[in-house]
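One structure is given here, and the rest of the page talks about it.
Residue numbers (our numbering), protein chains in the order written: chain A, 52 to 591; chain B, 5 to 676.
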């Protein structure tokens, strides 16, 4: 066995390489969703497709490249790969997540043999389909969601696949941005390949492969140890998503039974709704990402992230359900589902870990997309990602308007939005009184008010928590539910039923109010000084 | 005798550097007086007169680096302030960008500096500009007076004003200042259009609110200090180090105190730059390894790399700062073993108290310094110039108990392991810092600073492919000497949103001329008529939200575009022919006041080198042991060797040689 010092030194190298890939990816991408939303990640994988090191700006990317690697290895035998091959896919039913996420993979070949892969995944601003931004809440088939790319070669022995590039450019609304972001992914993968090759030159191919195995084993051991510190048992939680964007009266049930014991964690989704007509369906990699987030949050975040951390996890995902849909079910809005799965797994453990698990956060990450034409004729596509309130804990109030659980996105500055698009913001405010009351109160949601300044803007609103609140714990109150309306220029008002795709005309305003986090403990126990300060600061 | 004085106040020591007219440089360390830091400055003055015979009236320049601005924030001791915003936007400061730093923490804490102005201290006024700077709603002065009255009723000492799109037209903000000052002449005001005229309202609000928050504190501190200096007989005006590594007069500093946040580290980077330049290097990476942290900075073409978006205490502060990255690894970092039997170093540190086990002050955890003692790098009898006697048996015991036995290895193997893991961490951090800025470290020299830097320099250079290391004469007081070497510098920026395709070179030239006039005024206030002038533009691809700074050599679009493409290719590794736009314009005026590089002193050359057995990764070797002051000028020291001096220990690995070079520095070169 390699000595423990060399193993640890190599681990620093591998994480350094993943960070360098990620740094390149984020810095050289074009689109705001990568720059402001950090919706991209990069990592290194073993020759058989297990995660070695991943730089992950948001937890939703945890483990999501694993099915991609499996599929690429299956479709393109590694012994015929060339060091300057680059593979690509975005098909959720072939290892992808949803269509805007394109995965790029490059083999790392040393002595004529694939010894690792570098890979990067980016959420692209547009992949075509029925609405700008490619996340139509009213899609009922994946064919409507955009251009679907099976596992393909983007570069064959260094030569770019010009046909593929032309097809992509022809099918997306902002081809320069999409290709710029793809190039950033390719650049990130090249850096990974170059540095791992250097590392192999230093340590030797076989020794390095042995270290890879040892690193995975070590993370597995530590994850199992940490799981053993959670009281053994089966814990359940049920929560609801508002609707699927199509059947607006039909809430979607998420049921988890979390069994912890013997250094393992098993999550059974029996009781979760069947797959839905709208795009809230979530392919299996999404549930795995949610489970990974929950494990990292509940165990020890210092454990190096690699495939070893994921080995103690097993999932039961009923066939044909929301969490294991059959083709061609639409999947573009799966982020909402993953977030709720992650928070439900954590909430299931609230009773056995009362000091560590806070009251539920609203967990609403409202996604807005606007697309249309500038007065001078050019197209614009823009989006905003709006957070909600976090849950209170045993010792502190929740935080207003902050990202929680599986995502971690920035909002768009009003000035950035107004300079780039014919949209004006009239209000960016805390939503007073929206946090659930309690000994410690939940964090507030936010109010944002947008006015479009041109006609014929395609508008997508994908909310959550419009119909089911974040539920208070130990006597704390529920967080306020979200509310959104369209105030038309003609004076009429239209309530947005959580999800909508519609058209806005000049002077129409969209007013969104995101949900509040839940309270913890009885309101009667609250320190009066906190209540007085809240009143003076306009929080309640 | 006349002379110049630089005083840098750090957490533990106040460093004083004095350059006398005859060219000699004197150095002293005094304990920092934490209650009133200015007392240490005045103590330095007395010492200069007593020890160096420099009377206060003969001081020709007095330069100061301070942590007063930073401490006011870290200790939450700034002033009570109010914030005035555009109607509808009073909560921008509290909402921020909604991201969290700790991704896996379930219990969250606020990510924004709400403490600067909680809700009751934030007021809205009626007014609105559009994204082109046109007035949509005129300023309602009654709403301003109402807001100001409410804030003054709350006893605020300063008011920050941040209106939407004020960087395109500051008229409303300026009128608000007039209205405040007419009624409350002593109330301090910070306008976002002055502090940071650039888009993105949260970041601009933050930096403006920080400016207001520390303005009364900095004003009090500087008034107190200036009074003390005047009373002592100092006649020259006080100069302050700014975060960007240039000096400005105290009278300007109190107008824009937010520029003082990295005053101390900026001195270190400028000192490193001076030392490197004296030794003939223009491109260096400075690595300052102290007890608990390691600060990394880059110097390119003899200028410190700056960033236009810095941070204080984790909050964004959008003013130019030396680009210093800190990681939590240092000589006091504690080694431990995780649940799977992996050796870890840091981020916990033994600090100065109890300190490493070998200090014998009750520390039981093995640290990097303990490993250095076990390996023979540090002579227990000659640590810190012999002022402190180490207990090597405690270092052995701690490493044996915590690391060696559990891992089934010898104490020496464990100690080597601690160094290798720490070095790997630091090397990856240096690589990420440099490559993230488009710089290949192999083209740079390494300049180690702090007590720990020279111990790890060879290992870091080997890992990074760096061929040269410059060790300055006194790595420990470089911040203070940087104060005397820094230029007086002023910088003025403005938003200038303009696609290159529609750029009018005349409009560009007019905008730059207006900026230059503002800068000229600032420089004239410092008594400087002639300055080096450089113009910059922030440029990005249309649709891209992060920009690159491009030096302007001509005002035509083609030249600017070509420079942007080159910068993009350098930083990001690729560029495309997509259309680009200017975002901001910036002018920098600077004037150098002279260099502090010391003359190579004639070495006493007493005593031959000794030898000592040390252990390096390849095994035990006999190292030559030199005292730095006794290395004869033309001697080449070959590794393995150890060079000792009062403030640090230089470890030279095999394959490296060292010789004295210009500026009294040591130049280490790799030959293997």
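Note that beta-carbon positions come from the ideal geometry of N, C-alpha and C, so glycine has one too.
With 16 other Cβ atoms within 10 Å as the buried cut-off, status of residue 131 of chain A: Answer is exposed; the Cβ neighbour count stays below 16.
CB contact below 8 Å: residue 550 of chain A versus chain B: No, residue 550 of chain A does not count as interfacial toward chain B.
Residue 606 of chain B classed as buried or exposed, judged by whether at least 16 other C-beta atoms fall within 10 angstroms: Note that residue 606 of chain B scores 46 on pLDDT, short of 50, meaning its location in the model is unreliable and no value can be drawn from it.
Residue 368 of chain A, enclosing beta strand (DSSP E) - first and last residue: Where residue 368 of chain A is concerned, there is no enclosing beta strand (DSSP E), given that its DSSP letter is neither H nor E.
Test item: CB-CB of residue 298 of chain B and residue 353 of chain B under 8 Å: Between residue 298 of chain B and residue 353 of chain B, the CB-CB gap reaches or exceeds 8 Å.
Contacts that residue 64 of chain A makes with chain B (C-beta to C-beta distance below 8 Å): Those are 428 and 432, listed as they occur along chain B.
8 Å Cβ cutoff, residue 421 of chain A in contact with chain B: Not an interface residue.
Buried versus exposed call for residue 86 of chain B [16 or more other C-beta atoms within 10 Å across all chains shown]: It counts as buried.
Where residue 256 of chain A sits in the DSSP three-state scheme: DSSP places residue 256 of chain A in helix when its eight states are reduced to three.
Contact under 8 Å by Cβ, residue 465 of chain A with residue 452 of chain A: Result no, Cβ atoms of residue 465 of chain A and residue 452 of chain A do not sit closer than 8 Å.
For residue 80 of chain A and residue 314 of chain B, the rounded distance between their alpha carbons: About 21 Å.
Reduced DSSP category for residue 675 of chain B - H, G, I as helix; E, B as strand; rest coil: DSSP places residue 675 of chain B in coil when its eight states are reduced to three.
C-alpha distance - residue 583 of chain A paired with residue 158 of chain B, whole-angstrom precision: Each residue's alpha carbon lies about 16 Å from the other.
Listed by chain order, chain A residues near residue 205 of chain B by CB distance under 7 Å: The answer, in chain order, is 464, 465 and 466.
Environment of residue 562 of chain B [buried if 16+ CB atoms lie within 10 Å]: Exposed, since its Cβ has fewer than 16 Cβ neighbours within 10 Å.
Helix, strand or coil at residue 472 of chain B [DSSP, three-state]: Strand.
Within 8 Å, strictly: CB atoms of residue 166 of chain B and residue 196 of chain B: With contacts defined as CB atoms closer than 8 Å, residue 166 of chain B and residue 196 of chain B qualify as a contacting pair.
As assigned by DSSP and simplified to three states, the class of residue 221 of chain A: Three-state result, residue 221 of chain A: helix.
Any C-beta of chain A under 8 Å from that of residue 101 of chain B: At least one chain A Cβ lies under 8 Å of residue 101 of chain B.
Strand pairing of residue 545 of chain B, partner residues [DSSP]: In DSSP, residue 545 of chain B forms a bridge with B:584.
Which listed residue (A:392, A:104, A:118 and A:158) has its alpha carbon closest to that of residue 133 of chain A: When each option's Cα is compared against that of residue 133 of chain A, the closest is A:158.
Chain B contact for residue 477 of chain A (CB, 8 Å cutoff): With 8 Å as the cut-off, residue 477 of chain A counts as an interface residue toward chain B.
CB contact below 8 Å: residue 659 of chain B versus chain D: No chain D appears in this structure, whose protein chains are A and B.
Integer Cβ distance of residue 10 of chain A from residue 182 of chain A, believed to fall under 8 Å: In the structure as shown, chain A begins at 52 and stops at 591. Residue 10 of chain A is therefore absent and cannot be evaluated.
contact_flag[the region 220-235 of chain B, the region 282-297 of chain B] where n(CB pairs < 8 Å) is 3 or more: A contact is defined here as three or more CB-CB pairs under 8 Å, and the region 220-235 of chain B fails this definition with respect to the region 282-297 of chain B.
Through-space distance from residue 203 of chain B to residue 467 of chain A, alpha-carbon basis: Per the coordinates, the alpha-carbon of residue 467 of chain A lies some 7 Å from the alpha-carbon of residue 203 of chain B.
Option in B:500, B:612 and B:590 with minimal Cα separation from residue 522 of chain B: Looking only at B:500, B:612 and B:590, the smallest Cα-Cα distance to residue 522 of chain B is reached by B:590.
Residue(s) in a DSSP beta bridge with residue 92 of chain A: Looking at the DSSP assignment, residue 92 of chain A forms a beta bridge with A:107 and A:172.
Proximal residues of chain B, C-beta to C-beta of residue 352 of chain A below 9 Å: Those within 9 Å of residue 352 of chain A in chain B are 106, 107, 108 and 109.
Which of helix, strand or coil DSSP assigns to residue 438 of chain B: DSSP places residue 438 of chain B in helix when its eight states are reduced to three.
Inter-residue Cα distance where the pair is residue 620 of chain B and residue 347 of chain A: Take the alpha-carbon of residue 620 of chain B and the one of residue 347 of chain A: they are about 38 Å apart.
Coarse secondary structure for residue 523 of chain B, derived from DSSP in three states: In the structure shown, residue 523 of chain B sits in a helix (DSSP, three-state: H, G or I).
Run of the beta strand (DSSP E) containing residue 418 of chain A, from where it starts to where it stops: Looking at the DSSP string, the run of the beta strand (DSSP E) that includes residue 418 of chain A is 417-424.
As assigned by DSSP and simplified to three states, the class of residue 607 of chain B: Below a pLDDT of 50, predicted positions are generally treated as unreliable, and residue 607 of chain B, at 48, falls in that range; the measurement from the model is reported next regardless. Here DSSP, grouped into helix, strand and coil, assigns residue 607 of chain B to coil.
Where residue 247 of chain A sits in the DSSP three-state scheme: Reduced to three states, the DSSP call for residue 247 of chain A is helix.
Cβ pair residue 363 of chain A, residue 428 of chain A closer than 8 Å: Contact: no.
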